[in-house]
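Structure record follows, encoded as C-alpha cells.
2 protein chains.
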Amino acid sequence: MTQPEIAPAREADIPLILSLITELAEFEKLKDQVVATEASLKESLFGPRPAAQALIARSDGTCAGFALYFHNFSTFLGRRGLYLEDLYVRPAFRGRSIGKALLAHLARLAVERGCGRFEWAVLDWNTAARDFYESLGAQANPTWVNYRLTGAALERLAGGSLAR
Amino acid sequence: MTQPEIAPAREADIPLILSLITELAEFEKLKDQVVATEASLKESLFGPRPAAQALIARSDGTCAGFALYFHNFSTFLGRRGLYLEDLYVRPAFRGRSIGKALLAHLARLAVERGCGRFEWAVLDWNTAARDFYESLGAQANPTWVNYRLTGAALERLAGGSLAR
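Quick note, the sequences are listed as chains W and L, same order.
Note that the numbering used here gives residue 79 to position 83 of the first sequence, counting from 1, and the numbers run on in steps of one.
Note that the numbering used here gives residue 156 to position 160 of the second sequence, counting from 1, and the numbers run on in steps of one.
Written out as C-alpha cells, the structure reads:
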C-alpha cells in the first residue's frame, strides 16, 4: 500500500469536494444544513478573493478524503493561525493514516506560513476523533463556548441599533 | 450622552489596539498569553494581505472599546462568515450599550458582505456576556469542542509523517 498523495484541490475537483462535504455532513448527522453548491464553492475557493483552501488526499489515484481550511487570527499572538474547517476520510480508506497525513501536511503549512496555532472543532460525541487528536498533542479548550448568530436573529441585529 | 461613534481602525490606532488587547487579556485572566507587538499588528491589520480588521468605538472622542474580526468559512453553507475574535468595552464605558452597538455594526457588515453566519467564542464562566449574547438571539453550540495544536506539538507533527 503506497502513501497517500496530498495535493491542493484544483478547480476541476469542485464536484468531488461537494460530494465529500455531503458525505461528511451525513456522518455528522447534519446533512440538512448543507446548502453549498458547486457555484458557491467555485467562488469561495477559486474566486478573486478566496475564503478558504482545500487539500485532496488520493490513494492509488482514488480520492480518499479531503481537508478544507482558512486562516484565522489571534490577537494575543498578533498573527494569523490555520483553522481546519473540515477533515474527512472516506470509510473505505480509514485505518491507513490518511487523516494523520492530512493533519501533518496542514501542520507543515501552518509552520511554513508563520502561524502560531493550528485549530479546529470536533463534535463532543466523536470520541474516536478526540482520542486521535489528543494522541497528536492537540489540546481541547472546553472553557470556550462557541456562539452563533444567523438567519432572522442576524438580520434583526443588523437592522437594529447601529450607531451611525 | 451621545451615541458611540464606530469606525474602522486606522494605522495610527495600533498602539491603542495593543493596549485594548492587553486590557481584555487581563480581564480574561490570560495576560501571560499576549505576545502581540505593534509590529505584528501593523503587518496583520494593515499589511499587503490583512489577516483581520478592527473597529474602534469612541464616545465623545474617547476610546470606549473595540472589536477585531476576520472572515471564516462554512463548507455546509459554501460561503464565508464573519468571526468576532475580540470584543472589549472599557470598564468606565459599560452600561451604555457600546458592546451592542459594536455587535450591531458587525452584524450589518456580515449581512452586507453576504456572510451566512456571525460567530464568536466566550469563556464559559462569563455568564454576564453569555446572557447578553443570548438576549440578542445568539445560540451557544456546546456540542462542538475546540482543539488547538501549538508550540512543540505543532512542530512535531509538521516534521513528522508528511506524505510527499
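Cβ atoms here follow ideal geometry from the backbone N, Cα and C, with glycine treated the same way.
At least three beta-carbon pairs within less than 8 Å, the segment 64 to 79 of chain L to the segment 20 to 33 of chain L: no
Range of the contiguous beta strand (DSSP E) that encloses GLY74 of chain W: Per DSSP, GLY74 of chain W belongs to no beta strand (DSSP E) and is neither H nor E.
The segment 127 to 139 of chain W: positions lying closer than 7 Å to chain L by Cβ: Within the segment 127 to 139 of chain W, the residues whose Cβ lies closer than 7 Å to any Cβ of chain L are, in chain order, TYR129, LEU132, GLY133, ALA134, GLN135, ALA136, ASN137, PRO138 and THR139.
VAL107 of chain L at chain W interface by Cβ criterion, 9 Å: yes
The segment 1 to 14 of chain L touching the segment 35 to 49 of chain W, judged by at least three CB pairs closer than 8 Å: no
Cα-Cα separation between ALA125 of chain L and GLN135 of chain L, rounded to whole angstroms: 13 Å
According to DSSP, residues forming a beta bridge with ASP82 of chain W: W:LEU64
Cβ neighbour criterion (16 or more within 10 Å) applied to LEU163 of chain L: The structure shown does not extend to residue 163 of chain L, since chain L spans only -3 to 160, so no value can be given for it.
Buried or exposed by the 16-neighbour rule on C-beta atoms within 10 Å, applied to ASP9 of chain W: It is buried - the Cβ of ASP9 of chain W has at least 16 other Cβ atoms within 10 Å.
GLY112 of chain W at chain L interface by Cβ criterion, 9 Å: yes
For ARG152 of chain W, the nearest candidate out of L:THR139, L:ARG144, L:ILE94 and L:LEU99 (CA to CA): ARG152 of chain W has its Cα closest to that of L:LEU99, out of L:THR139, L:ARG144, L:ILE94 and L:LEU99.
Cα-Cα separation, THR139 of chain W to ILE17 of chain W: So the alpha carbons of these two residues sit roughly 28 Å apart.
Proximal residues to HIS101 of chain L (C-beta, below 7 Å), its chain only, five neighbours per side dropped: Cβ within range, chain order: ILE2 and LEU51.
Residue range of the unbroken alpha helix (DSSP H) whose run includes SER40 of chain W: 34 to 42
Bridge partner(s) assigned by DSSP for TRP140 of chain L: W:LEU119
Supposed contact pair TRP116 of chain L and TYR79 of chain W - C-beta distance, whole angstroms, cut 8 Å: The pair is not a contact, with the Cβ atoms about 14 Å apart (cut-off 8 Å).
Local Cβ density within 10 Å of GLY96 of chain L, reported as buried at 16 or more and exposed below that: Gly is not the amino acid found at residue 96 of chain L; the sequence shown has Lys there. By the neighbour-count rule (16 or more Cβ atoms within 10 Å), LYS96 of chain L is buried.
Neighbouring residues, chain W, relative to ALA103 of chain L (Cβ below 7 Å): The contacting residues are LEU145, LEU150, LEU153 and ALA154.
Residue environment, ARG76 of chain W, which counts as buried when at least 16 other CB atoms sit within 10 Å: buried
Buried/exposed call for SER40 of chain L, threshold 16 Cβ in 10 Å: By the neighbour-count rule (16 or more Cβ atoms within 10 Å), SER40 of chain L is buried.
Straight-line gap, SER36 of chain L to LYS27 of chain L (C-alpha atoms, nearest Å): Their backbone Cα atoms lie some 17 Å apart in a straight line.
Residue-level contact to chain W via CB, SER36 of chain L, 9 Å cutoff: Flagged as an interface residue toward chain W: SER36 of chain L, by a C-beta distance shorter than 9 Å.
Between the CA atoms of ARG92 of chain W and ARG160 of chain W - distance to the nearest angstrom: Residue placement at ARG160 of chain W is flagged as unreliable, the pLDDT there being 38, under the threshold of 50; a coordinate-derived value is accordingly withheld.
9 Å Cβ cutoff, GLY91 of chain L in contact with chain W: no
Proximal residues of chain W, C-beta to C-beta of GLY74 of chain L below 7 Å: VAL31, ALA32, THR33, SER36, LEU37 and SER40
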